[in-house]
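Asker: Residue numbers (the working numbering): 1297 to 1755. From the three backbone atoms N, C-alpha and C, an ideal C-beta is built for every residue, glycine too. Have a look at this one before I ask anything.
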Amino acid sequence: MAEHPVFDIVVLGGGSGGYATALRASELGMSVALIEAEKLGGTCLHWGCIPTKALLHAAELADGARESEKYGVRSTFEGIDIEKVHTYKDGVVNRLYKGLQGLVKAHGVTYVEGYGKLVSADTVEVDGQPYQGKHVVLATGSYSRSLPGLEIGGRVMTSDQALTLDRVPQSVIILGGGVIGSEFASVWKSFGADVTIIEALPNLVPNEDPAISKAFERAFRKRGIRFSTGVRFQGVTQDDDGVHVTLEDGKTFDAEVMLVAVGRGPRTEGLGYGEQGITLDRGFVITNERLHTGVGNVYAVGDIVPGLQLAHRGFQQGIFVAEEIAGLKPAPIVESGIPRVTYSEPEVASVGLTEAKAKETYGEDQVQTLEYNLGGNGKSQILGTQGFVKLVRQKDGPVVGVHMIGARVGELIAEGQLVVNWEAYPEDVASLVHAHPTQNEALGEAFLALAGKPLHAHN
Ligand SMILES: Cc1cc2nc3c(=O)[nH]c(=O)nc-3n(C[C@H](O)[C@H](O)[C@H](O)COP(=O)(O)OP(=O)(O)OC[C@H]3O[C@@H](n4cnc5c(N)ncnc54)[C@H](O)[C@@H]3O)c2cc1C
């Protein structure tokens, strides 16, 4: 068997976290082996962020065709050609996939195809072949979880199957009203399905500020998306007619298919992590704030590390670990400073602390909030969207939270992210000019109002 050099870094898993580690490490002059069992790019590129956003774009066009009369544009919505939707979606994924393969190659990363296992603190084995690294980075990602006793198969599917479904179902039950469940609900409703969401917690998008969750529920209700909140799922049966769901309060729901979107579990089982002394908690890899596992020179990044399961968090953690290994002493990543977007119609975007979390952190009377309604924003009126921006600031201090709901607000979070992470005061940013008419102006107006000089605000 061929002898391999000892790499500076061996990365296990080529998703967002793993490939970002590899790219940044090679930029810093390190030799890297990147081991991937399936497809470079991982969940986000092939089964997550990108394909779902392509579906959401097609959904937006479908809504546009339906509603165009309102804007004086004659068109009729004739339906969804799902095969063409998939061709478009796969085309986007494939172009990005090719680009990523080119990037990894151009960086001189040694790409290893195969299933790896950690066999010692500095070695990953793939098909009997050892890859030794001065450092090892674990980045094996996550999988769609189910509930105990709830089997995936037939009409009961996860996002993996939903993304390649060969038809628009007549009706669908979605178990889970978090980000993934809400995005699929939005797509399917726009595509013409009858959609019901079942969420055990009291609200849809339950991790968001309650004001946002409430507005989101109102918007979904207005779109005709049905939902049940606050009651737990009990069981499901399936037959030729469809799926039959029962909740713990005895209520029943029927539909053609069911999507299980109850979260994602860490992909760490059987990979040798525990055997090498790495601490696991319900399968997640425990690290310190510098993403070190406490064993040898082993680090972990991405969805296997407890916290927000988001691709851009994985990228940033990958960059961080590469720089840490290179001795650049990067600043630890502040989890609350990571922006979060739900790309449904309407979109939800947030960064920093909710009002409740800010009060918990700074004290009940040490927090100020401000809501700016998109009703006062020209571009939002042109788009025909409703929603608001909610700012949370430490009293007489910096902005610590930005929360938004409305069409396209995901694109506005870039500014919110800068303001929160730079710990800017509303008074500092209020004088920075926003182009008119943009939706960005809504943020500018909110900063103006919070700085005590509202312009286009009614209260
Ligand atoms: C439907 C859906 C929509 C999403 N939308 C968004 C979004 O819009 N924005 C966002 O930020 N995030 C989104 N996410 C989350 C995002 O996809 C993940 O946070 C991100 O992919 C995590 O990156 P990762 O590198 O930790 O893991 P992954 O992307 O899961 O990559 C892990 C890789 O490791 C490989 N691997 C695992 N075990 C082994 C092994 N033993 N040997 C070799 N290779 C192995 C896997 O094949 C995989 O390619 C979405 C997820 C889903 C499911």
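Roughly how many angstroms lie between the CA atoms of A1703 and L1352, to the nearest whole one?
Answerer: 12 Å
Asker: Using the three-state DSSP reduction, which class does L1760 fall into: helix, strand or coil?
Answerer: Because the chain in this structure spans residues 1297 to 1755, residue 1760 falls outside the shown range and cannot be described.
Asker: Is there at least one non-hydrogen atom of ligand 1 closer than 8 Å to the beta-carbon of H1353?
Answerer: no
Asker: Quick check: what's the CA-CA separation for V1558 versus V1389?
Answerer: Going by the C-alpha atoms only, they are around 25 Å apart.
Asker: Would you mind working out which of E1641, D1545, I1346 sits nearest K1485, comparing C-alpha positions?
Answerer: E1641
Asker: Regarding D1462 and ligand 1, is the C-beta to nearest heavy atom distance less than 8 Å?
Answerer: Flag unset: Cβ of D1462 not near ligand 1.
Asker: Hey, would you say the C-beta of I1476 is under 8 Å away from at least one heavy atom of ligand 1?
Answerer: yes
Asker: Please report the residue range of the alpha helix (DSSP H) in which A1738 lies.
Answerer: 1736 to 1746
Asker: So the candidates are F1684, G1598, P1444; which of them puts its Cα closest to the Cα of G1674?
Answerer: F1684
Asker: Please give me, in chain order, every unbroken run of the beta strand (DSSP E) with length at least 3 that falls completely inside the stretch 1415 to 1454.
Answerer: You should have 1419 to 1422, 1425 to 1434, 1438 to 1440.
Asker: Any idea what DSSP makes of V1307, helix, strand or coil?
Answerer: DSSP places V1307 in the strand class (E or B) of the three-state scheme.
Asker: One question on the structure: do H1302 and V1328 come within less than 9 Å of each other, judged by their Cβ atoms?
Answerer: One detail in the question is off: residue 1302 reads as Val in this sequence, not His. Against a cut-off of 9 Å, the Cβ pair of V1328 and V1302 comes out as no contact.
Asker: In this structure, does DSSP put E1374 in helix, strand or coil?
Answerer: coil
Asker: Note the first and the last residue of the continuous beta strand (DSSP E) segment covering G1538.
Answerer: 1538 to 1543
Asker: Cutting at 7 Å between CB atoms, please list the residues of its own chain near L1744, excluding the five before and the five after it.
Answerer: A1726, P1750, L1751
Asker: Name, in chain order, the residues that DSSP records as bridge partners for S1482.
Answerer: Paired residues: none, contrary to the question.
Asker: Can you name, in chain order, every residue of its own chain whose Cβ lies under 7 Å from the Cβ of R1519, other than the five neighbours on each side?
Answerer: K1485
Asker: Go to Y1315, then tell me how far its alpha helix (DSSP H) extends in each direction, as first and last residue.
Answerer: 1312 to 1323
Asker: Pull up the DSSP beta-bridge partners for Y1756, would you.
Answerer: Coverage of the chain is limited to positions 1297 through 1755, which leaves residue 1756 absent and any answer about it impossible.
Asker: Using C-beta distances below 6 Å, list every residue in its chain close to G1614, excluding the 5 sequence neighbours before and after it, in chain order.
Answerer: G1313, A1316, T1317, V1597
Asker: Evaluate A1645 with the Cβ neighbour count: other Cβ atoms within 10 Å of its Cβ, from every protein chain shown; 16 or more gives buried, anything less gives exposed.
Answerer: buried
Asker: Return the CA-CA distance between Q1662 and G1633, expressed in angstroms with no decimal places.
Answerer: 20 Å
Asker: If we count the other Cβ atoms within 10 Å of its Cβ and call it buried at 16 or more, is G1309 buried or exposed?
Answerer: buried
Asker: Just to confirm the assignment, what range does the alpha helix (DSSP H) spanning T1548 have?
Answerer: Where T1548 is concerned, there is no enclosing alpha helix (DSSP H), although the beta strand (DSSP E) it sits in stretches over 1548 to 1551.
Asker: Would DSSP call K1413 helix, strand or coil?
Answerer: strand
Asker: Can you grab the Cα-Cα spacing for the pair S1455 / G1610, in whole Å?
Answerer: 20 Å
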